[in-house]
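Asker: Residue numbers (our numbering): 11 to 646.
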Amino acid sequence: MENHFTIGIAGHIDHGKTTLTKKLTNVDTDRLKEEKERGVSIELGFAPLELPSGTRVGVVDVPGHERFIRQMIAGAAGIDLVILVVAADEGVMPQTREHFDIIRFLGIERGIIALTKRDLVENEWLEMVTEEVRDWVQGSFLEEAPIMPVSSHTGEGIPELLAVVDSILGTIPERDVNEPFRMPIDRVFTIKGAGAVVTGTIYEGKVSEGDIVEVYPLGERVKVRQLNVHHQSAQTAFAGQRAALNLGGIDFKDMERGYALTAPDYFRKTDRLDIRFQMLEHHDFALKQRTRVRLHIGTTEIMAKIIYYDRNELQPGEEVLCQLQLEGEIIAKTGDPFILRRLSPTTTLGGGQVLSPYGVKRKFGEKTVELLNLLKGGDEWQMLQYVLAEDGYATTEEIDFQLAFGMERLESMLEQYQQEGQVERFHDYVILSESLKEWTDKLKVTLMKYHKDQPMRIGMKKSELRSKLFPNLTDKLWREYIGWLKNKNIIEETDETVKMRSHQPVIPAALQASVQKIIQTLRKEGLSVSGWNDIAQKNGIKPNQVNEIKVYCIEQEDFVSMGPDMIVDAKVYWDTVANLQQQLPQGTPFSTPQVKDLLNVSRKYLIPFLESLDDHGLTKRVENERVWIRMTAKAK
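1. DSSP has Met289 in a bridge; who is on the other side?
2. Looking at the unbroken beta strand (DSSP E) that takes in Ala249, where does it start and where does it end?
3. Report all residues from its chain with a CB closer than 6 Å to the CB of Ile93; omit the five preceding and five following residues, and keep chain order.
4. Who pairs with Pro194 in a beta bridge, going by DSSP?
5. Would you check if the segment 328 to 341 and the segment 220 to 230 touch, i.e. whether three or more CB-CB distances between them fall below 8 Å?
6. Rank Gly360, Tyr396, Val208 and Leu91 by C-alpha distance to the C-alpha of Ala3 and give the top, closest one.
7. Leaving aside the five residues before and after Ala580 along the sequence, list all residues of the same chain whose C-beta is less than 6 Å from its C-beta, in chain order.
8. Grouping DSSP H, G and I as helix and E and B as strand, with all else coil, what is His648?
9. Could you spell out where the beta strand (DSSP E) holding Asp544 opens and where it closes?
10. Which value, in whole angstroms, describes the spacing of the CA atoms of Val379 and Cys332?
11. Identify the residues that DSSP records as bridge partners of Ala439: which are they?
12. Just the C-alpha distance for Glu558 and Trp488, rounded to the nearest angstrom, thanks.
13. Does the segment 545 to 552 come into contact with the segment 609 to 627, if we say contact requires no fewer than three beta-carbon pairs (one atom in each stretch) closer than 8 Å?
14. Can you give me the Cβ contacts of Glu47 inside the same chain, cut-off strictly under 8 Å, excluding the 5 residues immediately before and after it?
15. Please work out which residues of its chain come closer than 7 Å, Cβ to Cβ, to Phe199, disregarding the five sequence neighbours upstream and downstream, and give them in chain order.
16. Once the 5 residues before and after His240 are set aside, which same chain residues still bring their CB inside 6 Å of it?
17. Helix, strand or coil for Asn188? Go by DSSP, reduced to three states.
18. Mapping the DSSP letters down to three states, classify Asp281 as helix, strand or coil.
19. When we look at the beta-carbon of Thr16 and count the other beta-carbons within 10 Å, is it buried (16 or more) or exposed?
20. The alpha helix (DSSP H) with Ile529 in it runs from where to where?
21. Please report the residue range of the alpha helix (DSSP H) in which Asn497 lies.
22. Among residues of its own chain, excluding the 5 on either side of Leu257, which ones have a beta-carbon nearer than 6 Å to its beta-carbon?
23. Distance, Cα to Cα, Gly345 vs Glu390?
24. Taking Cβ positions, are Val303 and Arg352 nearer each other than 8 Å?
25. Near Lys644, which residues of its chain fall below 7 Å by C-beta distance, leaving aside the five closest residues on each side in sequence?
26. So is Val539 buried or exposed if we call it buried at 16+ other beta carbons inside 10 Å?
27. Considering only C-alpha positions, which residue in the set Ile529, Lys534, Gly149 and Thr586 is nearest to Ile564?
28. Would Val160 be called buried (16 or more neighbouring beta carbons within 10 Å of its own) or exposed?
29. Here's a check: name, in chain order, each residue in its chain whose Cβ is nearer than 6 Å to the Cβ of Tyr460, leaving out the five neighbours to either side.
30. Measure the CB-CB distance between Thr406 and Leu420 and report whether it falls below 8 Å.
31. Compute the Euclidean distance between the alpha carbons of Arg631 and Ser473, then round it to the nearest angstrom.
32. Does the distance from the CB of Arg435 to the CB of Gln428 come in under 8 Å?
33. Below 7 Å, is the gap between the Cβ of Gly597 and the nearest heavy atom of the ligand FAD?
34. Nearest CA to the CA of Val95: which residue from Lys452, Gly250, Thr602 and His22?
35. Terminal residues of the continuous alpha helix (DSSP H) containing Arg144?
36. Does the distance from the CB of Gly250 to the CB of Asp90 come in under 8 Å?
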């Protein structure tokens, strides 16, 4: 597939960037009246360029004046190769240095240095400037870059420059156009009869006429009516290309530079970025904790505060892993380059890369820095650990949002890590195996202590266990986890309780004889039972053991509760239910007097019995009568 590129031309004001662009492309990129009158580029200039090989590329001419650095950064975002312009008659100047710093921090890896106005200097001077420039770029990505003298006036060196551009672009790997579409907007205008038009360099993916795209931060969906690439109509535009999109369903006044177009439902807004930031070494001040700064990312400019986790100030030349707390919402991806500038005076502080676009509020300390270090190297496993570290788990959707690997790549990764025993999958939840072991160890300890303290109980209430150990787990993940524990033969559960698989409720030996007497008493009394507390205490059960034995008997299904102080032998109870269901057929309402006549018991016992039928889901009340809703009597 054909590759697509954008070239940026940067450098100090009046060093001939726009003139060089015009010489290369035959397009005058100074489009504003003020630019024509002052001879200064204020806004971004764009032009198509056809190289000797036939490859068509976009060219961005960025403003050189210090007051237009915002426009410069917006234009430099997304370019593949930079031509850094240095006038041969002046050499390296302040904005040359600042543009160079910005280009470095924006992650541009390929460049050429063009010594313009070659026709104005002697060879000896040219050699001196060349040496100065070569020394200046030592240790940077331009260290081995070609330094090419050119004259836009005479045309000297222009063919050679084009040939070198063509050669370098030919070495760049093909872009992946299958990623979700994203294009930061650097210009918005309207065309009579067509409507809103936006332009930008496509960062990722592709877009076609008729596509629905999302406008951030508005969240509105619009249709791409028409596409223009390199001043020509196109059906599709690809990553790396400069493109103009005519949008339907939105007014151009509702958009501005700094907004972005994206594939729908893929990106989400954020107001915290975890970052790697390096401060420029030439400053003479430290950047203090929570300093308010100006963030430039893509074509967006927004205010932010810088939050350190391991220091209270950053010295010039130092690098730090930290967070930006934004004063609004943007979209970003892991790996996006950015620039930070000082509010006053407006100078470039430094730059770096986004480690995670969805930062969360974290504690000050080395532990947080260690966590951010997982993201620094770009290792897939470490990046996944970072996302899972906060809670020990996340959904695949949450992971994909943070890492933006794409679901196919993510699923392949997770399958590998699961086979290696590093993660477990609970459907759409991913859990670190280490975290799962910690959870399960805690659960075992808690349940075993509960069984030791409450030997007669069948198990611990699920709600109690969850609130004690896992209060933040979602309902779905809690259910999945309990199911996993059952499949591993670690626990057993009832509707309300959970227990270690090895646990069997038992009555202490000293109480077994008393319990047997209670059972015999209750079987003799039928439904007309005495109060449980009275029976228990008459049979030698201490007050502090009365309730425990009652719960044990009910959980073992030896008894059925008919109220707070009334339990009935289970066989008596379910035999009574079976008898009633034979005499009172389903579908026919029956009254309390009818049941009283059949059972021959007083209302003192009859009413609790009937209410227990409702509680067990066997009957429901219809005004003053009841009807059977379940005919599966549990006769023992």
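Beta carbons: idealized from backbone N, C-alpha and C, even for Gly.
Answerer: From the atom records:
1. Position 279 of the sequence shown, counted from the first residue, corresponds to residue 289. DSSP output for Met289 lists Gly360 as bridge partner(s).
2. Numbered from 1 along the sequence shown, position 239 holds the residue referred to as residue 249. Note, Ala249: premise wrong, no beta strand (DSSP E); not H, not E.
3. Position 83 of the sequence shown, counting from 1, holds the residue named residue 93. The answer, listed in chain order, is Ile19, Ile122 and Ala124.
4. Residue 194 sits at position 184 when you count from the first residue of the sequence shown. Note: Pro194 sits in a beta bridge opposite Ala270.
5. yes
6. Here the chain comprises residues numbered 11 to 646, so residue 3 is not present and cannot be evaluated.
7. Residue mapping note: residue 580 aligns to position 570 of the sequence shown, counting from 1. Excluding residues within five positions, the ones whose Cβ falls inside 6 Å are Glu567, Asp568, Phe569, Val570 and Lys646.
8. Since the displayed the chain opens at 11 and closes at 646, residue 648 lies outside it and no answer follows.
9. Numbered from its first residue, the sequence shown carries residue 544 at position 534. Not the beta strand (DSSP E): Asp544 falls in the alpha helix (DSSP H), residues Trp542 to Lys548.
10. Taking the sequence shown and counting its residues from 1, the one referred to as residue 379 is at position 369. Taking the sequence shown and counting its residues from 1, the one referred to as residue 332 is at position 322. Val379 and Cys332: Cα-Cα distance of roughly 8 Å.
11. Sequence index remark: in the sequence shown, residue 439 carries index 429 (1-based). As written in the sequence, residue 439 is Tyr, which differs from the Ala given in the question. According to DSSP, Tyr439 bridges with Thr405 and Phe436.
12. Counting from 1 along the sequence shown, the entry for residue 558 is found at position 548. Counting from 1 along the sequence shown, the entry for residue 488 is found at position 478. Using only the alpha carbons, I get a separation of about 28 Å.
13. no
14. Locating residue 47 in the sequence shown gives position 37, counting from the first residue. Residue placement at Glu47 is flagged as unreliable, the pLDDT there being 40, under the threshold of 50; a coordinate-derived value is accordingly withheld.
15. Start at 1 with the first residue of the sequence shown, and residue 199 comes out as number 189. Hits under 7 Å: Val207 and Phe262.
16. Here residue 240 corresponds to residue number 230 of the sequence shown, with the count starting at 1. Once the five neighbours on either side are set aside, the close Cβ partners of His240 are Pro58 and Arg66.
17. As a first step, residue 188 is located in the sequence shown; it is residue number 178 there, counting from the start. Asn188 falls in the coil class under three-state DSSP.
18. For the purposes of this step, residue 281 is identified with residue 271 of the sequence shown, where counting begins at 1. Of the three classes helix, strand and coil, the one that applies to Asp281 here is strand, per DSSP.
19. Reading the sequence shown from its first residue, position 6 is the one you call residue 16. Classification for Thr16: buried.
20. Taking the sequence shown and counting its residues from 1, the one referred to as residue 529 is at position 519. Ala519 to Glu535 is the extent of the alpha helix (DSSP H) around Ile529.
21. The sequence position of residue 497 within the sequence shown is 487, counting from 1. Where Asn497 is concerned, the enclosing alpha helix (DSSP H) stretches over Asp485 to Asn497.
22. What you label residue 257 is simply residue 247 of the sequence shown in a count that begins at 1. Closer than 6 Å at Cβ, skipping near neighbours: Ala206 and Val232.
23. For the purposes of this step, residue 345 is identified with residue 335 of the sequence shown, where counting begins at 1. For the purposes of this step, residue 390 is identified with residue 380 of the sequence shown, where counting begins at 1. Distance between the alpha carbons of Gly345 and Glu390 is about 13 Å.
24. Counted from its first residue, the sequence shown places residue 303 at position 293. Counted from its first residue, the sequence shown places residue 352 at position 342. Yes, these two residues count as a Cβ contact at 8 Å.
25. Along the sequence shown, read from residue 1 onward, the residue named residue 644 stands at position 634. Unreliable placement is indicated for Lys644, whose pLDDT of 47 sits below 50; no coordinate value is reported for it.
26. Against the sequence shown, residue 539 aligns to sequence position 529. Label assigned to Val539: buried.
27. As a position in the sequence shown, residue 564 is number 554, starting the count at 1. Checked all of Ile529, Lys534, Gly149 and Thr586; the closest Cα to Ile564 is Ile529.
28. For the purposes of this step, residue 160 is taken as residue 150 along the sequence shown, with counting starting at 1. Per the 10 Å Cβ criterion, buried.
29. Residue mapping note: residue 460 aligns to position 450 of the sequence shown, counting from 1. Excluding sequence neighbours, Tyr460 sits near Met470.
30. Taking the first residue of the sequence shown as position 1, residue 406 is located at position 396. Taking the first residue of the sequence shown as position 1, residue 420 is located at position 410. Yes, these two residues count as a Cβ contact at 8 Å.
31. Counted from its first residue, the sequence shown places residue 631 at position 621. Counted from its first residue, the sequence shown places residue 473 at position 463. C-alpha separation (whole angstroms): 30 Å.
32. Translated into the one-based positions of the sequence shown, residue 435 becomes position 425. Translated into the one-based positions of the sequence shown, residue 428 becomes position 418. Yes, Cβ-Cβ distance for Arg435 and Gln428 is below 8 Å.
33. Only the bare structure without any ligand can be found here, which leaves the ligand FAD out of the picture.
34. Reading the sequence shown from its first residue, position 85 is the one you call residue 95. Considering only alpha carbons, the answer is His22.
35. Start at 1 with the first residue of the sequence shown, and residue 144 comes out as number 134. Taken as a continuous stretch (DSSP letters only), the alpha helix (DSSP H) holding Arg144 covers Asn133 to Trp146.
36. In the sequence shown, counting from the first residue as 1, residue 250 sits at position 240. In the sequence shown, counting from the first residue as 1, residue 90 sits at position 80. Their beta carbons are under 8 Å apart, which means Gly250 touches Asp90 by this criterion.
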